[in-house]
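K.L.:
Residue numbers (this note's numbering), protein chains in the order written: chain Z, -18 to 243; chain V, 261 to 423.
Glycine included, every Cβ here is placed at the ideal spot set by N, Cα and C.
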């Protein structure tokens, strides 16, 4: 944390810095340094790979770890079966990847690693990252929709039971709500992650400033802020899971539109 | 807000590394590992279903065997009862038969004895006649001094005895 004269910049945690002197890396004129954001994506990937690998013992009677991994795959499988039906089985790898990446990135970004001097970074608090996920989900919906239904896919914009005299308005509204989907997917996750981290940082700056200004303010302001921080940490753990679930759930609902129209 | 202020400088790096790591997650973990994990779950579910079906089949077989055993034991019991009844009837018939034989034997001996008695009686009667005619001849000779013809005496005795 950039604590300059006892002040905490709640936005500094989101700043991206190139690491290991890779500033000059570039492909076709685009600069692609290996940043702290990329490092935490890599950590997320490794953690997820280790987690799933631990569940690949393929025992008939599963151990705890295998049970946990099978619980996650079964959860995604049920989600898709409930929202799309039997055709949803083929999306399990993608939805699992999206859900687990967001979940692990969110949770790893919440680790109190400042205690050992490491600055945790949450890739999902950047809309460049969540935007990639949202555009991928939206592209899959478009590709599957047009692949399976051709131009009939446009009937998605005319819901069942539309009165004939509203036919000039409803498709327009439906089209806009359809086109907003990638933005809402990306922004929801990015805003939820950023807001939680900013809130924690602001509260922690209250604790630090009030504790520095003496026992009285430390007790009156710092202590309640600290208790509130603990509660919000628990809330953030919940939000980390809920946002991953919401992203996976909405993606599967959109895929249902593409698979089955209405 | 670094997300916006650093956007121009970092978007390429962010998107590039995101695609790299998410691609790794999707292709290696999502498509490589997850199907194996789910195959393990499916194999377990199938094994459980198979075991349940096998147990059900075994139970059915046991029921069938018990039913067959019951039918067989019923058949054997009725066979045994038939055998007992036949033996009883045979024994009854045999005892009746031997009773009848014994009866016949007894009857035969009775009639034989009767015949002997009759012979003995007629013999005794003849002897009595002879003795009586002799005695009558003697009595007549002693009383009257007249000798009586033996034939006449026996005729007279016969007449007196049979009267």
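#1: Using three-state DSSP, classify residue 7 (chain Z) as helix, strand or coil.
#2: Mind checking whether residue 272 (chain V) and residue 116 (chain Z) have CB atoms under 8 Å apart?
#3: State yes or no: is the beta carbon of residue 230 (chain V) nearer than 8 Å to at least one beta carbon in chain Z?
#4: Assuming residue 73 (chain Z) contacts residue 232 (chain Z) under a Cβ cut-off of 8 Å, what Cβ separation, rounded to an integer in Å, is found between them?
#5: Tell me the residue span of the alpha helix (DSSP H) that contains residue 61 (chain Z).
#6: Assuming residue 172 (chain Z) is part of the alpha helix (DSSP H), what are its boundary residues?
#7: CA-CA distance, residue 418 (chain V) and residue 374 (chain V)?
#8: Can you name, in chain order, every residue of its own chain whose Cβ lies under 7 Å from the Cβ of residue 173 (chain Z), other than the five neighbours on each side?
#9: Interface residues of chain Z around residue 272 (chain V) at Cβ under 7 Å?
#10: Nearest by alpha-carbon distance to residue 177 (chain Z): which of Z:91, Z:20, Z:38 is it?
#11: For my contact list, residue 185 (chain Z) and residue 210 (chain Z) are in at a C-beta cut-off of 8 Å; report their separation, rounded to the angstrom.
#12: Here's the rule I'm using: 16 or more other beta-carbon atoms within 10 Å means buried, otherwise exposed. How should residue 261 (chain V) be labelled?
#13: Three-state secondary structure (DSSP) at residue 262 (chain V)?
#14: Quick one: what does DSSP say residue 78 (chain Z) is sitting in, helix, strand or coil?
#15: Mind listing which residues of the segment 277 to 288 of chain V have their C-beta closer than 9 Å to chain Z's C-betas, in chain order?
#16: Three-state secondary structure (DSSP) at residue 12 (chain Z)?
#17: Measure the C-alpha to C-alpha separation of residue 154 (chain Z) and residue 264 (chain V) and round it to an integer number of angstroms.
#18: Since residue 81 (chain Z) and residue 296 (chain V) are thought to touch, with beta carbons under 8 Å apart, how far apart are those beta carbons, to the nearest angstrom?
#19: Along chain Z, in chain order, which residues have C-beta atoms closer than 8 Å to that of residue 296 (chain V)?
#20: So with Cβ pairs under 8 Å, would you call residue 263 (chain V) a contact of chain Z?
#21: Hey, does residue 55 (chain Z) have any beta-carbon neighbour from chain V nearer than 8 Å?
#22: Using only the alpha-carbon positions, how far apart do residue 55 (chain Z) and residue 163 (chain Z) sit?
#23: So if DSSP puts residue -1 (chain Z) in a beta bridge, which residue, or which two residues, is it bridged to?
#24: DSSP three-state call for residue 409 (chain V): helix, strand or coil?
#25: Can you say whether residue 266 (chain V) is buried or exposed, counting buried as having 16 or more other CB atoms within 10 angstroms of its CB?
#26: May I ask which residues mark the beginning and end of the alpha helix (DSSP H) holding residue 109 (chain Z)?
#27: For the alpha helix (DSSP H) containing residue 270 (chain V), list its first residue and its last residue.
#28: Compare the C-beta of residue 157 (chain Z) against all C-beta atoms of chain V and say whether one is closer than 8 Å.
#29: If you follow the alpha helix (DSSP H) that residue 329 (chain V) is in, where does it begin and where does it stop?
#30: If you check the beta carbons only, do residue 203 (chain Z) and residue 187 (chain Z) fall under 8 Å apart?
#31: Nearest-angstrom Cα distance between residue 370 (chain V) and residue 356 (chain V)?
#32: Step through the CB atoms of chain V and report whether any lies within less than 8 Å of the CB of residue 29 (chain Z).
#33: When burial is assigned at 16 or more other CB atoms within 10 Å of the CB, is residue 64 (chain Z) buried or exposed?
#34: Would you check if there are 3 or more beta carbon pairs closer than 8 Å linking the segment 40 to 54 of chain Z to the segment 288 to 307 of chain V?
#35: Looking at chain Z, is there any beta carbon in it that lies within less than 8 Å of the beta carbon of residue 301 (chain V)?
P.N.:
On the basis of the supplied data:
#1: Correct three-state label for residue 7 (chain Z): strand.
#2: No; because the gap between Cβ atoms is not below 8 Å, this pair is not in contact.
#3: Nothing about residue 230 (chain V) can be reported from this structure: the residues present for chain V run from 261 to 423 only.
#4: Rounded, the Cβ-Cβ distance is 12 Å, inconsistent with contact.
#5: Element bounds for residue 61 (chain Z): 45 to 64.
#6: For residue 172 (chain Z), the enclosing alpha helix (DSSP H) begins and ends at 151 to 193.
#7: Those two C-alpha atoms are separated by around 25 Å.
#8: Contacts found: 220, 224.
#9: Within 7 Å Cβ-Cβ: 11, 12, 13.
#10: Sorting Z:91, Z:20, Z:38 by C-alpha distance to the C-alpha of residue 177 (chain Z) places Z:91 at the top.
#11: Correct: roughly 6 Å between the Cβ atoms.
#12: Classification of residue 261 (chain V): exposed, given that the 10 Å Cβ count is below 16.
#13: When secondary structure is reduced to three states using DSSP, residue 262 (chain V) falls in the helix class.
#14: Three-state result, residue 78 (chain Z): helix.
#15: In summary, the residues of the segment 277 to 288 of chain V whose CB is separated from some CB of chain Z by less than 9 Å are 277, 278, 279, 280, 281, 282, 284, 285, 286, 287, 288, in the order they occur in the chain.
#16: Correct three-state label for residue 12 (chain Z): strand.
#17: In this structure, the alpha-carbon of residue 154 (chain Z) lies about 30 Å from that of residue 264 (chain V).
#18: Contact annotation, residue 81 (chain Z) with residue 296 (chain V): C-beta distance approximately 15 Å; criterion of less than 8 Å not satisfied.
#19: Within chain Z, the residues near residue 296 (chain V) are 37, 39.
#20: Judged by the 8 Å Cβ criterion, residue 263 (chain V) is in contact with chain Z.
#21: Yes - at least one Cβ of chain V is within 8 Å of the one on residue 55 (chain Z).
#22: Taking the straight line joining both Cα atoms gives about 26 Å.
#23: Looking at the DSSP assignment, residue -1 (chain Z) forms a beta bridge with Z:16.
#24: The answer is coil: DSSP assigns residue 409 (chain V) none of H, G, I, E or B.
#25: Residue environment analysis places residue 266 (chain V) among the buried positions, since at least 16 neighbouring C-beta atoms fall within 10 angstroms of its C-beta.
#26: Here the alpha helix (DSSP H) through residue 109 (chain Z) covers 108 to 130.
#27: Per DSSP, the continuous alpha helix (DSSP H) segment holding residue 270 (chain V) begins and ends at 267 to 284.
#28: The beta-carbon of residue 157 (chain Z) is placed no less than 8 Å from the nearest beta-carbon of chain V.
#29: Looking at the DSSP string, the run of the alpha helix (DSSP H) that includes residue 329 (chain V) is 294 to 404.
#30: For the 8 Å CB-CB criterion, residue 203 (chain Z) and residue 187 (chain Z) form a contact.
#31: If you draw a straight line from the Cα of residue 370 (chain V) to the Cα of residue 356 (chain V), it comes to about 20 Å.
#32: At least one chain V Cβ lies under 8 Å of residue 29 (chain Z).
#33: By the 10 Å Cβ count, residue 64 (chain Z) comes out buried.
#34: Enough Cβ pairs lie closer than 8 Å, so yes.
#35: Taking Cβ atoms only, chain Z reaches closer than 8 Å to residue 301 (chain V), which makes this a yes.
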